[in-house]
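Below is one structure, written out as structure tokens; comments come after it.
Numbering (the numbering used here), first residue to last: 770 to 965.
Shown next, in the form of structure tokens:
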């Protein structure tokens, strides 16, 4: 069997994709003609189409865009216009989302470990839904004496996952119940569960 060079295969695949893409997208070719470095090109119409597909298949659910996936302002503005919710993990991300008039009710923070400054910034801006996976995180949030809503991140089997995050974050269901009971005793609102 002859040796196959994986880089050559990747290059041939990339060339094929580029040829197909460029034949069907003369407007984009014109756009990147003078770009001398790799560039990310996103069609807002594609974002809208994909968002609407997800919305169609999950009727009755709120759809949240994780800003960490791509914090480009045009992407955020497009999702804001479509009525998406946003999942933020930093003050910087929340500021970007607020810049486009997104109400605090459309924002959540699902990072289970947060600095006090970020929690304070969120609560000051009206964002009051946080993921947790420890009693210590409940203590941090309850310091602010506001009725924040908390949901516990569960550790789930990530069989076949490229990013097995359950080893890093999340708790078992028994601990989740204990954390939610503890949150209630500290004046927070037990809001639900989440997993990744």
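Note that CB positions come from ideal geometry on N, CA and C, so glycine has one too.
Here the structure is a predicted model, which means the values were calculated and not measured.
Cβ-Cβ distance between residue i and residue j below 8 Å
| i | j | result |
| --- | --- | --- |
| residue 836 | residue 804 | no |
| residue 899 | residue 878 | yes |
| residue 919 | residue 960 | yes |
| residue 853 | residue 827 | no |
| residue 881 | residue 906 | yes |
| residue 797 | residue 810 | yes |
| residue 845 | residue 904 | no |
| residue 824 | residue 832 | yes |
| residue 840 | residue 862 | yes |
| residue 813 | residue 860 | no |
Integer-rounded CB distance, given that residue j should sit under 8 Å from residue i
| i | j | result |
| --- | --- | --- |
| residue 939 | residue 922 | 5 Å |
| residue 849 | residue 869 | 4 Å |
| residue 885 | residue 917 | Contact flag wrong, Cβ pair sits at about 13 Å. |
| residue 876 | residue 855 | 5 Å |
| residue 897 | residue 915 | 7 Å |
For residue i, the three-state DSSP class (helix, strand or coil)
| i | result |
| --- | --- |
| residue 963 | strand |
| residue 861 | helix |
| residue 924 | coil |
| residue 917 | coil |
| residue 878 | strand |
| residue 811 | coil |
| residue 967 | The requested residue 967 does not occur in the structure, where the chain is confined to residues 770 to 965. |
| residue 839 | coil |
| residue 847 | helix |
| residue 828 | coil |
| residue 866 | helix |
| residue 946 | helix |
| residue 747 | In the structure as shown, the chain begins at 770 and stops at 965. Residue 747 is therefore absent and cannot be evaluated. |
| residue 871 | coil |
| residue 883 | coil |
| residue 911 | helix |
Which residues DSSP lists as bridging residue i, in chain order
| i | result |
| --- | --- |
| residue 854 | 833 |
| residue 899 | 878 and 919 |
| residue 940 | 923 |
| residue 958 | 918 |
Proximity test, residue i beta-carbon vs the ligand GTP heavy atom, cut-off 7 Å
| i | result |
| --- | --- |
| residue 807 | The ligand GTP is not among the ligands present in this structure, which contains no ligands whatsoever. |
Test: residue i CB closer than 8 Å to a CB of chain C
| i | result |
| --- | --- |
| residue 818 | The chain labelled as chain C is not found in the depicted structure, where only one protein chain is given. |
### Query
Are there three or more Cβ pairs, one per stretch, closer than 8 Å when the stretch 900-916 is compared with the stretch 952-963?
yes
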